[in-house]
Amino acid sequence: MRGFWTKREAPPAADPSGRSADGQIYIGWNEKSKMNEATNKWTEKPPRRGLFSGLRGFFLTTVLLAALLYGSVYVIGLMDGFRAFLEDHLKASLDLRVRITKAWLTPALNLEFEGLTTEGFGRKGQPGLQIQHGFIEWCWHDETGWHLPGVRRVVMRGVGVAFAPDDYGRWDPPPLAVVGAQIADWCSFKIPPPKPERALSSLEPKAAGAAKPPPDLLGRLQKMRLEIADARLVWWDSDGNELAAANKLRFAILPLTLPSREVTHYWLRMDEVTLHDGRRAHDIRCEFFDLGEQKLMVEFRADWIRGGGVMLPAVTTPPPATNAVVPKF
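Put into structure tokens, the structure is as follows:
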């Protein structure tokens, strides 16, 4: 028989099994029980939790959630859907169909890819891009604190870029053409600007509106570390003739932060250059510091050969600036 009580006093003494001296089993009694004044019934006293036990639980929960999020992102980066996502993003930026052989995320969640090629690359008169191997390192924290991920460093090997005129009288692909034009101006290639195939007024309204200024890719590159090796640049005219080509190009940008200003270091090397006017050059070197209002030249050299094999004196002074984005040395 089970016993119940509602009085303040405890039930008769009981053995460890819960059976009292009078042979009854009383429910709900132990040494931590106390009387509830409102209901006049015995209630269980909850155990006390220490401060450190609560912090430990919060810490473990946070770690488990972070590990779950990290694992999910890492696994997604190994799937084919992630590679397709990158292809669609580059297609929207370059306005060219892109194919990537392999793309994945490293354990540090940085992006690495191989075999990036646009449709039609390698054909005469066709714009395109090819990157044999690329690596993008993200930046999650800097002197300003934690923030959304941005690009800290970009490394590319085996790069090929082909520029061709489009219907709007500009070089295609436009985002990369800004960087190509800057390099051509630094080294005095004197490439004639492309002419529009048709006037904008003759184009459809939707197509005419698409001729908007390209994004400032050069301005973005100036804020990150860039390393390009074994690259080739080529410019085509509307008839598929080669206007200029730069082989074995190496290019690096390194932003520096000084106590009073920000400085950007530029380093450029080209083994061989051929131009439409018959000029050729080898061992082009260009290195300078961009101080904002001033440019500090470290080295500039180019060995030019005129058409017919006539060797010209080595050029050791940089070309003059032709537009606002070219450094004024």
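Position one of the sequence shown corresponds to residue 350 (the numbering used here), numbered consecutively onward.
Idealized CB from N, CA, C, for every residue including glycine.
query: Does DSSP put histidine 625 in a helix, a strand or coil?
result: Here residue 625 refers to the residue found at position 276 of the sequence shown. In the structure shown, histidine 625 sits in coil (DSSP, three-state: anything other than H, G, I, E or B).
task: May I ask you to report which of helix, strand or coil DSSP gives lysine 451?
output: Taking the sequence shown and counting its residues from 1, the one referred to as residue 451 is at position 102. Strand at lysine 451.
Cβ neighbour criterion (16 or more within 10 Å) applied to phenylalanine 408: Taking the sequence shown and counting its residues from 1, one reaches residue 408 at position 59. By the neighbour-count rule (16 or more Cβ atoms within 10 Å), phenylalanine 408 is not buried but exposed.
message: Tell me the rounded alpha-carbon separation between glutamate 636 and lysine 644.
response: Stepping through the sequence shown from its first residue, residue 636 is reached at position 287. Stepping through the sequence shown from its first residue, residue 644 is reached at position 295. Those two C-alpha atoms are separated by around 10 angstroms.
- request: Please list the segments of the beta strand (DSSP E) lying wholly inside the segment 433-489, counting only runs of 3 or more residues, in order along the chain.
  value: 447-454 and 460-467
- prompt: Less than 8 angstroms separating the beta-carbons of glycine 426 and leucine 454?
  reply: Position 77 of the sequence shown, counted from the start, is the residue given in the question as residue 426. Position 105 of the sequence shown, counted from the start, is the residue given in the question as residue 454. Against a cut-off of 8 angstroms, the Cβ pair of leucine 454 and glycine 426 comes out as a contact.
- prompt: Can you tell me whether DSSP reads glycine 499 as helix, strand or coil?
  reply: Numbered from its first residue, the sequence shown carries residue 499 at position 150. Three-state result, glycine 499: strand.
message: Would glutamine 475 and threonine 466 be called neighbours here (beta carbons separated by less than 8 angstroms)?
response: The residue labelled residue 475 in the question sits at position 126 within the sequence shown. The residue labelled residue 466 in the question sits at position 117 within the sequence shown. Not closer than 8 angstroms, so no.
query: Could you give the distance in angstroms between the alpha-carbon of valine 422 and the alpha-carbon of tryptophan 489?
result: In the sequence shown, the residue the question calls residue 422 occupies position 73. In the sequence shown, the residue the question calls residue 489 occupies position 140. Computed Cα separation, rounded: 15 angstroms.
- prompt: By Cβ distance, which residues of its chain are closer than 6 angstroms to valine 504, with the 5 residues on each side in sequence left out?
  reply: By 1-based counting over the sequence shown, the position of residue 504 is 155. Only Phe484 and Glu576 meet the Cβ criterion.
task: Have a look at glutamate 652 and alanine 630 and give me their C-alpha separation to the nearest angstrom.
output: Taking the sequence shown and counting its residues from 1, one reaches residue 652 at position 303. Taking the sequence shown and counting its residues from 1, one reaches residue 630 at position 281. Per the sequence shown, the amino acid found at residue 652 is aspartate instead of glutamate. Approximately 5 angstroms, taken between the alpha carbons.
- request: Mind reading off the beta-carbon distance from glutamate 468 to arginine 432? Whole number of angstroms is fine, and I expect it under 8 angstroms.
  value: Numbered from its first residue, the sequence shown carries residue 468 at position 119. Numbered from its first residue, the sequence shown carries residue 432 at position 83. Contact doesn't hold; Cβ gap of about 16 angstroms is too wide.
message: Using 8 angstroms for Cβ pairs, my map puts lysine 451 next to glycine 464. What's the rounded Cβ distance?
response: For the purposes of this step, residue 451 is taken as residue 102 along the sequence shown, with counting starting at 1. For the purposes of this step, residue 464 is taken as residue 115 along the sequence shown, with counting starting at 1. The Cβ separation is near 6 angstroms, so the contact holds.
- prompt: How big is the Cα-Cα spacing for alanine 513 and glycine 641?
  reply: Here residue 513 corresponds to residue number 164 of the sequence shown, with the count starting at 1. Here residue 641 corresponds to residue number 292 of the sequence shown, with the count starting at 1. For alanine 513 and glycine 641, the distance between alpha carbons rounds to 32 angstroms.
task: Tell me where the alpha helix (DSSP H) around leucine 566 begins and ends.
output: If you number the sequence shown from 1, residue 566 lands on position 217. That run of the alpha helix (DSSP H) goes 566-570.
- prompt: Considering only C-alpha positions, which residue in the set Ile449, Leu598, Asp639 and Asp586 is nearest to proline 541?
  reply: Residue numbering aside, residue 541 sits at position 192 when the sequence shown is read from its first letter. Cα-wise, what sits closest to proline 541 is Asp586.
message: Rounded to the nearest angstrom, what separates alanine 441 and alanine 457 at their Cα positions?
response: Translated into positions along the sequence shown, residue 441 becomes position 92. Translated into positions along the sequence shown, residue 457 becomes position 108. Roughly 27 angstroms between the two C-alpha positions.
field: Simplified DSSP state of proline 524, which is helix, strand or coil
entry: Stepping through the sequence shown from its first residue, residue 524 is reached at position 175. Proline 524: helix per DSSP, three-state reduction.
message: Report the CB separation of phenylalanine 538 from alanine 580 in whole angstroms; it is logged as a contact under 8 angstroms.
response: The count along the sequence shown starts at 1 and reaches residue 538 at position 189. The count along the sequence shown starts at 1 and reaches residue 580 at position 231. The pair is not a contact, with the Cβ atoms about 15 angstroms apart (cut-off 8 angstroms).
Between the CA atoms of proline 522 and aspartate 515 - distance to the nearest angstrom: Numbered from 1 along the sequence shown, position 166 holds the residue referred to as residue 515. Numbered from 1 along the sequence shown, position 173 holds the residue referred to as residue 522. Distance between the alpha carbons of aspartate 515 and proline 522: 9 angstroms.
task: Whole angstroms is fine: what's the gap from glutamate 648's alpha carbon to glycine 507's?
output: As a first step, residue 648 must be located in the sequence shown, where it is residue number 299. As a first step, residue 507 must be located in the sequence shown, where it is residue number 158. In a straight line, the C-alpha of glutamate 648 is about 25 angstroms away from that of glycine 507.
field: Cβ-based neighbour list, histidine 625, same chain, cut-off 6 angstroms, excluding 5 preceding and 5 following
entry: Position 276 of the sequence shown holds residue 625. So the list reads Leu592, once near-sequence residues are dropped.
- prompt: Looking at C-alpha atoms only, which residue of Phe638, Asp620 and Ile633 is the closest neighbour of leucine 607?
  reply: The residue you call residue 607 lines up with position 258 of the sequence shown. The option with the nearest alpha carbon to leucine 607 is Phe638.
Among Val424, Leu605, Lys544 and Val527, the one whose alpha carbon lies nearest that of aspartate 723: Limits of the chain in this structure are 350 at one end and 678 at the other, which puts residue 723 out of reach.
Per-residue DSSP class, three states only, for isoleucine 540: Here residue 540 refers to the residue found at position 191 of the sequence shown. Coil, per DSSP.
Option nearest glycine 471 by Cα separation, candidates Trp584, Glu486 and Asp632: The residue labelled residue 471 in the question sits at position 122 within the sequence shown. Answer by Cα proximity: Trp584.
field: Which of helix, strand or coil DSSP assigns to arginine 405
entry: As a working mapping, residue 405 is identified with position 56 in the sequence shown. Note: arginine 405 maps to helix in three-state DSSP.
- request: Kindly indicate which three-state DSSP category tyrosine 517 falls into: helix, strand or coil?
  value: Translated into positions along the sequence shown, residue 517 becomes position 168. Of the three classes helix, strand and coil, the one that applies to tyrosine 517 here is coil, per DSSP.
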